[in-house]
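If you read the sequence shown in the working numbering, its first letter stands for residue 529, the second for the next number, and so on.
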Amino acid sequence: MREQSPRALQTAPSTLAASRWTAARATYRLLALALVTVLSHAPQARASFPPPPHTLWELAHEAQLIVWAEVESVSERPEVLEGFGYNANVTLEVRETWKGSVRTGERIETFIFSGSPCDTNLQVGLTVVALLNKENGQWFPAWPLCGTRFPASDSDVEAYRRAITAAQQALDRWIQARLAGEAPDFEKEHWDWRVLAAVHPATRWDGVADVSPEELDAVHSFCTPRASPNSWRVQGYREELARDVVVYPSFDRTFALLLKLLRGFPSKEVDRVATNVLETVVTENPPPPWAVFAFDLLRERLGEHPTPRPSWSYTQGKSFSEIEAANTKSFVREWPDFKQRHGLKPQPIQPPAK
Numbered sequence: 529m530r531e532q533s534p535r536a537l538q539t540a541p542s543t544l545a546a547s548r549w550t551a552a553r554a555t556y557r558l559l560a561l562a563l564v565t566v567l568s569h570a571p572q573a574r575a576s577f578p579p580p581p582h583t584l585w586e587l588a589h590e591a592q593l594i595v596w597a598e599v600e601s602v603s604e605r606p607e608v609l610e611g612f613g614y615n616a617n618v619t620l621e622v623r624e625t626w627k628g629s630v631r632t633g634e635r636i637e638t639f640i641f642s643g644s645p646c647d648t649n650l651q652v653g654l655t656v657v658a659l660l661n662k663e664n665g666q667w668f669p670a671w672p673l674c675g676t677r678f679p680a681s682d683s684d685v686e687a688y689r690r691a692i693t694a695a696q697q698a699l700d701r702w703i704q705a706r707l708a709g710e711a712p713d714f715e716k717e718h719w720d721w722r723v724l725a726a727v728h729p730a731t732r733w734d735g736v737a738d739v740s741p742e743e744l745d746a747v748h749s750f751c752t753p754r755a756s757p758n759s760w761r762v763q764g765y766r767e768e769l770a771r772d773v774v775v776y777p778s779f780d781r782t783f784a785l786l787l788k789l790l791r792g793f794p795s796k797e798v799d800r801v802a803t804n805v806l807e808t809v810v811t812e813n814p815p816p817p818w819a820v821f822a823f824d825l826l827r828e829r830l831g832e833h834p835t836p837r838p839s840w841s842y843t844q845g846k847s848f849s850e851i852e853a854a855n856t857k858s859f860v861r862e863w864p865d866f867k868q869r870h871g872l873k874p875q876p877i878q879p880p881a882k
């Protein structure tokens with residue numbers, strides 16, 4: 529195979545992203561309609577769950593420009609995508625540039641696809657992390673859904689900055705090693721990055737999303753758990769992942785995903801935090817669906833053998849919502865007995881503001 533030039537290595541991700549986005553924009557309305565159809569039969573996605581496969585690892589490599597910026601203006605008449613969301617035309621004032629050559633204080637005209645799984649209430653003064661590509665003189669999100677992220681705190685901003693910078697540095701190291709005639713282990717770099725991203729709840733989805741890709745299936749998530757094809761890679765990182773769970777517990781499906789990755793890894797601190805998280809959400813009306821799966825994983829950790837819960841399929845008479853509601857009710861009913869069996873006295877944790 530002919531060795532690629534440095535220029536080709538450096539521009540390939542951006543070229544690929546541009547071609548993907550051209551196709552994506554051409555079928556934007558079809559994408560929206562498809563998502564409406566899927567989401568009408570599936571559980572609602574949480575804010576921290578953009579659809580695969582574009583995690584920050586991919587986006588940091590594909591985007592030509594990455595900025596942390598403040599929303600200066602939002603169009604009053606956005607292009608409405610009926611039944612799903614809209615393209616909000618926005619002006620961003622750049623605070624920091626993490627990739628590219630735009631100066632602090634410059635204005636960027638772009639748009640944000642509202643209604644995506646990682647969306648928030650778009651308004652003037654909001655700060656965003658925008659991952660952008662330019663086509664025909666116009667900046668577009670590097671990917672239509674979740675090509676823009678919405679940090680809610682300084683801690684979130686730092687988490688995004690750290691994850692995006694690390695992803696770029698990993699690619700730079702790989703390019704330099706290839707140019708030097710070496711054969712670097714890029715997958716090892718990716719795994720190191722996953723653990724780094726998983727440290728903070730704001731970027732945790734990006735760290736764990738493709739570790740167990742079947743868990744992102746909105747219909748079958750956790751209903752038929754099976755070992756990740758990359759489970760052998762997980763082994764060397766589980767101590768760090770356990771620390772992440774304890775220090776920064778999350779209140780979305782990433783928490784259950786991390787518990788699954790920690791199957792067979794003993795840690796009383798993880799057990800304690802998992803119990804506290806479930807004690808926090810069990811009183812919600814109704815509790816989030818991911819709590820059911822986290823509960824069964826905690827039962828496994830404490831030596832129990834939970835019976836698989838009913839799962840949904842297209843051939844069943846019951847809807848997904850009905851099965852999900854029944855499983856959630858059983859979790860609420862079983863929780864007090866579980867605590868009593870194991871002598872647990874959990875303390876609720878204050879979850880982050882939504």
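Cβ atoms here follow ideal geometry from the backbone N, Cα and C, with glycine treated the same way.
Remember, it's a predicted structure, so these values are computed and weren't measured experimentally.
Asked, Found
"So, A691 versus A725, is the Cβ gap smaller than 7 Å?", "yes"
"Since K873 is in the alpha helix (DSSP H), which residue starts that stretch and which ends it?", "Where K873 is concerned, there is no enclosing alpha helix (DSSP H), given that its DSSP letter is neither H nor E."
"For P712 and Q592, what's the separation of their Cα atoms in angstroms?", "24 Å"
"Given this structure, state the Cα-to-Cα distance separating R638 from V820, to the nearest angstrom.", "Strictly speaking, residue 638 in this sequence is Thr, with Arg absent from that position. About 40 Å."
"If we ignore side chains and look at the alpha-carbon of each, how far apart do F779 and G845 end up?", "31 Å"
"I think E852 touches P874, with their Cβ atoms under 8 Å apart; what is that distance to the nearest whole Å?", "With a Cβ gap of about 24 Å, E852 and P874 do not count as contacting."
"Specify, as a first and last residue, the run of the beta strand (DSSP E) that T655 falls within.", "655-663"
"How many whole angstroms separate the CB atoms of A597 and P679, which I take to be in contact at a CB cut-off of 8 Å?", "At roughly 11 Å, the Cβ-Cβ gap does not stay under 8 Å, so A597 and P679 are not in contact."
"Distance, Cα to Cα, P732 vs H589?", "Inspection of the sequence shows that residue 732 is occupied by Arg rather than by Pro. Taking the straight line from one Cα to the other gives about 18 Å."
"Helix, strand or coil: how does DSSP classify K716 here?", "helix"
"Going by DSSP, name the residue or residues bridged to W596.", "E624, V657"
"If you follow the beta strand (DSSP E) that F668 is in, where does it begin and where does it stop?", "666-669"
"Check whether the Cβ atoms of A787 and A737 lie closer than 7 Å to each other.", "Checking the displayed sequence, the identity of residue 787 turns out to be Leu instead of Ala. Not in contact: L787 and A737 (Cβ atoms no closer than 7 Å)."
"Determine the DSSP secondary structure at A680, reduced to helix, strand or coil.", "coil"
"Of the choices F793, V622, G653, T693, whose alpha-carbon is the least far from that of E634?", "V622"
"If you follow the alpha helix (DSSP H) that K788 is part of, which residue opens it and which one closes it?", "781-789"
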